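Undergrad: In order, the protein sequences belong to chains A and B.
Going by our numbering, the first residue of the first sequence is number 60, and it counts up by one from there.
Going by our numbering, the first residue of the second sequence is number 216, and it counts up by one from there.
I have a structure here, written as structure tokens, and I will follow up with some questions on it.
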Amino acid sequence: MSQGVPIVLLEGVIKRYRMGTVTVDALRGIDLAIYPGEYVAIMGPSGCGKSTLLNLLGCLDRPTEGRYLLGGLDVSKLDDDALSEIRGTRLGFIFQAYNLIQQLDVLENIELPLYYQLHPRPDGRQRALELAERVGLRNRLHHKPMELSGGQQQRVGIARALVNDPLVLLADEPTGNLDSRAGAEILELFDELHKNGKTIIMVTHDPEVGRRAERLVRLKDGLIEEDRRNRPRPEETGS
Amino acid sequence: MIHWMLLVWRTVRVGFKSLWLHRLRSLLTALGIIFGVCSVIAMLAVGEGASFEAQEQIRQLGSNNIIIRSVKPSEEQKVNVQRSFVSDYGLTYLDLARLRDTIPGITVYAPARIIRERVFNATQSLEAEIMGVVPWYTEIRNLRVMTGRFFTSIETKQEQNVCVLNRVLARALFPLSSPLGQLVRVGGDYYRVIGIADSESGGKRLNLAGGNSGSAAGQMYIPLTTAKDRFGEILIRRSSGSFQAEKVQLHEITIHVDDQSRVEAVARIAGGVLERNRKKRDFEIIVPLELLRQAERTKQIFNTVLGAIAAISLLVGGIGIMNIMLASVTERTREIGIRRALGARRRDIVLQFLVETVILSGTGGIIGVCLGVLIPQLITYFSGMMTIVTVWGPLIAFTISGLIGVVFGLYPALRAAYMDPVEALRHE
Chain A
60 MSQGVPIVLL EGVIKRYRMG TVTVDALRGI DLAIYPGEYV AIMGPSGCGK
110 STLLNLLGCL DRPTEGRYLL GGLDVSKLDD DALSEIRGTR LGFIFQAYNL
160 IQQLDVLENI ELPLYYQLHP RPDGRQRALE LAERVGLRNR LHHKPMELSG
210 GQQQRVGIAR ALVNDPLVLL ADEPTGNLDS RAGAEILELF DELHKNGKTI
260 IMVTHDPEVG RRAERLVRLK DGLIEEDRRN RPRPEETGS
Chain B
216 MIHWMLLVWR TVRVGFKSLW LHRLRSLLTA LGIIFGVCSV IAMLAVGEGA
266 SFEAQEQIRQ LGSNNIIIRS VKPSEEQKVN VQRSFVSDYG LTYLDLARLR
316 DTIPGITVYA PARIIRERVF NATQSLEAEI MGVVPWYTEI RNLRVMTGRF
366 FTSIETKQEQ NVCVLNRVLA RALFPLSSPL GQLVRVGGDY YRVIGIADSE
416 SGGKRLNLAG GNSGSAAGQM YIPLTTAKDR FGEILIRRSS GSFQAEKVQL
466 HEITIHVDDQ SRVEAVARIA GGVLERNRKK RDFEIIVPLE LLRQAERTKQ
516 IFNTVLGAIA AISLLVGGIG IMNIMLASVT ERTREIGIRR ALGARRRDIV
566 LQFLVETVIL SGTGGIIGVC LGVLIPQLIT YFSGMMTIVT VWGPLIAFTI
616 SGLIGVVFGL YPALRAAYMD PVEALRHE
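In structure tokens:
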């Protein structure tokens, strides 16, 4: 459990929202360490703070209290520009509604995170093409998102999340809008990514999906209720 | 630097794509700017053309010249109790001599008599101004002789019956043949045509100068001496039952002042000299230089007013753009959220929306410039009004349209950039 440096480390994270005169504690003290290569599913009932937690992990928001170390860097006090840069270079987002940009074609959507990088990689186009190949969309490069099926769109979303070679993949109900077949294909893709050593954090409602993950974190009322392993970590088994 | 340029290039491309997605809306939005820019240029062109025409007419009078004209005093009728048919007024040869002798620095003077008579060639005829002038009249008044020649001082001395017709008269009397060497008749006398002169833009010019305008722009120049001899000093004019007689020695004296800065002073002195020797004011002094200045002032006012109107129309166009961009920002909240999640900084979002507004207003500006250059041509073609499109018109209009894009695009862009990414992502 203690091998390596955690890639994500939350210490006493509290997130408080003010809604008019009432303040709501969405997260009430989260301690969580996620290590490189882990495949973590976050589950819990509606309103338990899953989304808030994912937004914090995704540097879309800052904790009210506590520390968040991402790859050893304390990001809980960074300003907006710095957070944007972190999102663009260290994180990959996969959304329930795919969230592709309609006026761009497949290739451009995959390349999008690279647009905003301060030091763009010279092989950006090449990498986008490789990823398109990997998710099986090599022959759909210049289609618009509207012309693709849901499963295909989500695969574009995954390719886009991978293009900047992120430390952590953050997936928010990635199969929520898909039928079971397309969903299964997407989950297989996640398994494959996991096998290749990607760190994945996935929020889901579906216990089936949650079981596929290596580790399950269950939230309730802004606190971690349960944190258990479905399987031992590959490193621990020495494989 | 290269990266930055690449980013701008990509943003521009994406901007075009986003605008293309809503073609009709983009077109309608740009329409405000198109019309604004187009009207600025067209208005300036019309104004420039009108003022150029006016200035050209004034310049033709000569900016170094002072023109003194005989004017029939209005109070004469009352003063004259004895019902004399002959009204005696106007500039005299004596006046001419006095002016010449009193005022230094006047080199040339051109006295003229102007008689309205019908000019005949066989059956063709036209009422024209018959101008008895000196041989150097052409130089002083910038009159261009197009074919043939003007008469000489020898012909003047010999009081020969030669004449130069202006274009209008020549065309009226000789519609098919060349008038050179032909004879025209005025009253009982025949005159040989020796040249054709450019029109002195008669009616308009005289109107502008506030003088006696003639509806007929026909003009015929004959030597002053000949005019004096053939027509005498008393001019009888018959019109519907009554007849009037006027005794006028000179209708017009043109003074050429060597130094332009002295023109106004000389005009005052000349007025004083003439005033001293007569009881009533029967002359007027026209200073083209003054008119030119007035015309310039008028042009300035004109341009200011036009500019204000055009600025308002551009402003309205700008507000239209802002309105649409605000709607667009709301509509694309989700897209903004996605871009922010993928690493776009606030300034990237600002740039994106700003680029889109500038594309809108810039494209509108370009189309507006094209239309604005074209429309004055159409105006000239259909109404004959003179228009001049200067380099400045399109340049200023285009720059303003670009600026409007930035100014009115900034607020929607900032609003887009300062959205909370979490909220934006949740937006349906």
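No residue lacks a Cβ here, since even glycine has one placed at the ideal position from N, Cα and C.
All values reported here derive from a predicted model rather than from experimental measurement.
Taking 6 Å as the limit between beta carbons, can you name the residues of its chain near L504 of chain B, skipping five residues before and five after?
TA: Result list for L504 of chain B: S278 and V478, in chain order.
Undergrad: Could I get the ranges of all uninterrupted beta strand (DSSP E) runs contained in the region 244-271 of chain A, with 3 residues as the minimum, in chain order?
TA: Those beta strand (DSSP E) runs which fall completely within the region 244-271 of chain A and span 3+ residues are 258-262.
Undergrad: Would you verify that the beta carbon of S135 of chain A is, or is not, closer than 8 Å to some beta carbon of chain B?
TA: No, because no Cβ of chain B sits closer than 8 Å to the Cβ of S135 of chain A.
Undergrad: Around the C-beta of R271 of chain A, are 16 or more other C-beta atoms found within 10 angstroms, so that it is buried, or is it exposed?
TA: The residue in question, R271 of chain A, is buried, as its Cβ has 16 or more Cβ neighbours within 10 Å.
Undergrad: Under 8 Å, Cβ to Cβ, is there at least one residue of chain B near L77 of chain A?
TA: A quick correction: the sequence has Arg, not Leu, at residue 77 of chain A. Closer than 8 Å: no.
Undergrad: Does P627 of chain B come within less than 8 Å of chain A when only Cβ atoms are used?
TA: Chain A contact via Cβ: absent.
Undergrad: Could you say which of B:H218, B:C378, B:K514 and B:Y308 lies nearest to S285 of chain B if we only look at CA atoms?
TA: The residue with the shortest Cα to Cα distance from S285 of chain B is B:Y308.
Undergrad: Which value, in whole angstroms, describes the spacing of the CA atoms of A424 of chain B and P394 of chain B?
TA: Since pLDDT at A424 of chain B reaches only 38, below the 50 mark, its modelled position is unreliable, and the value read off the structure follows with that caveat. For A424 of chain B and P394 of chain B, the distance between alpha carbons rounds to 31 Å.
Undergrad: Distance, Cα to Cα, S430 of chain B vs G251 of chain B?
TA: Any reading at S430 of chain B needs caution, since the residue's pLDDT is 41, under 50, leaving its predicted position unreliable; the model's value is listed next. Cα to Cα, the separation comes out at about 39 Å.
Undergrad: Once DSSP output is grouped into helix, strand and coil, what is the label at N357 of chain B?
TA: Reduced to three states, the DSSP call for N357 of chain B is coil.
Undergrad: By the DSSP assignment, the alpha helix (DSSP H) with M220 of chain B in it spans what residues?
TA: Segment I217 to L236, the alpha helix (DSSP H) holding M220 of chain B.
Undergrad: Can you have a look at Q272 of chain B and say buried or exposed, based on whether 16 or more other CB atoms are within 10 angstroms of its CB?
TA: With 16 or more other Cβ atoms within 10 Å, it is buried.
Undergrad: In chain B, which residues lie less than 9 Å from Q162 of chain A when you measure between Cβ atoms?
TA: The answer, in chain order, is V229, K232, S233, W235, L236 and E550.
Undergrad: Which chain B residues sit within Cβ distance under 7 Å of E171 of chain A?
TA: Position check: residue 171 of chain A holds Leu in this sequence, whereas Glu was assumed. Simply L557.
Undergrad: Counting C-beta neighbours from all protein chains within 10 Å, is the total for V377 of chain B 16 or more, i.e. buried, or is it exposed?
TA: That one is buried.
Undergrad: Does the Cβ-Cβ distance between V360 of chain B and V348 of chain B come in under 8 Å?
TA: The answer is no: Cβ separation not under 8 Å.
Undergrad: May I ask which residues mark the beginning and end of the beta strand (DSSP E) holding G285 of chain B?
TA: Before going further, note that residue 285 of chain B is Ser rather than Gly in the sequence given. Per DSSP, S285 of chain B belongs to the beta strand (DSSP E) from N280 to S285.
Undergrad: Taking Cβ positions only, does R240 of chain B come closer than 8 Å to chain A?
TA: Output row for R240 of chain B: interface = no.
Undergrad: Kindly list the residues whose CB is nearer than 7 Å to the CB of K293 of chain B, restricted to its own chain and excluding five residues on each side of it in sequence; keep chain order.
TA: Interpretation of K293 of chain B is limited by its pLDDT of 47, a score under 50 that renders its predicted location unreliable; the figure taken from the coordinates is listed afterwards. Hits under 7 Å: none found.
Undergrad: Measure from the C-beta of G209 of chain A to each C-beta in chain B and report whether the shortest distance is under 8 Å.
TA: No, because no Cβ of chain B sits closer than 8 Å to the Cβ of G209 of chain A.
Undergrad: Helix, strand or coil, according to DSSP, for Y596 of chain B in the structure here?
TA: If DSSP states are grouped into helix, strand and coil, Y596 of chain B belongs with the helices.
Undergrad: Quick check on L398 of chain B: does DSSP put it in helix, strand or coil?
TA: Three-state result, L398 of chain B: strand.
Undergrad: In this structure, how does DSSP classify L432 of chain B when only helix, strand and coil are distinguished?
TA: According to the sequence shown, residue 432 of chain B is Ala rather than Leu. Coil at A432 of chain B, not helix or strand.
Undergrad: Given I355 of chain B, which residues of its chain have a CB within under 8 Å of its CB, disregarding the five upstream and five downstream residues?
TA: Excluding positions up to five away in sequence, the list reads G277, N280, V323, A325, T469 and H471.
Undergrad: Do you know offhand how far R562 of chain B's Cα is from D139 of chain A's?
TA: Using only the alpha carbons, I get a separation of about 11 Å.
Undergrad: Label G403 of chain B either buried or exposed according to how many other C-beta atoms from any shown protein chain fall within 10 Å of its C-beta, with 16 as the threshold for buried.
TA: With fewer than 16 other Cβ atoms within 10 Å, it is exposed.
Undergrad: Contact criterion: CB-CB distance below 8 Å. Does R560 of chain B meet it with respect to chain A?
TA: Answer yes: the Cβ-Cβ gap between R560 of chain B and chain A drops below 8 Å somewhere.
Undergrad: Could you tell me which chain A residues have their CB closer than 9 Å to the CB of I553 of chain B, listed as they occur along the chain?
TA: Chain A residues near I553 of chain B: F152, F154, N158, L159, I160 and L171.
Undergrad: So, is the C-beta of H642 of chain B closer than 8 Å to a C-beta in chain A?
TA: No, because no Cβ of chain A sits closer than 8 Å to the Cβ of H642 of chain B.
Undergrad: Buried or exposed for I344 of chain B, please, with buried defined as at least 16 other CB atoms from any protein chain shown within 10 angstroms of its CB.
TA: One point to set straight first is that residue 344 of chain B is Glu, not Ile, in the sequence displayed. So E344 of chain B ends up on the buried side.
Undergrad: For a test of the three-state rule: what should DSSP assign to G281 of chain A, helix, strand or coil?
TA: Three-state DSSP puts G281 of chain A in coil, outside helix and strand.
Undergrad: Going by beta carbon distance, what residues of the same chain come within less than 8 Å of G363 of chain B, once the five residues before and after it are set aside?
TA: Cβ within range, chain order: V379, L395, V408, I409, G410 and I411.
Undergrad: Would you mind stating whether R549 of chain B and L625 of chain B have Cβ atoms separated by less than 8 Å?
TA: No, the pair does not count as a contact, with Cβ atoms beyond the cut-off.
Undergrad: Classify R366 of chain B as helix, strand or coil using the three-state DSSP reduction.
TA: In the sequence on display, residue 366 of chain B carries Phe and not Arg. If DSSP states are grouped into helix, strand and coil, F366 of chain B belongs with coil.
Undergrad: Just to confirm, is the Cβ distance from G558 of chain B to P636 of chain B under 8 Å?
TA: No.
Undergrad: Going along chain A in order, which residues have a C-beta closer than 9 Å to the C-beta of L569 of chain B?
TA: None at all; the shortest Cβ gap to chain A is about 16 Å.
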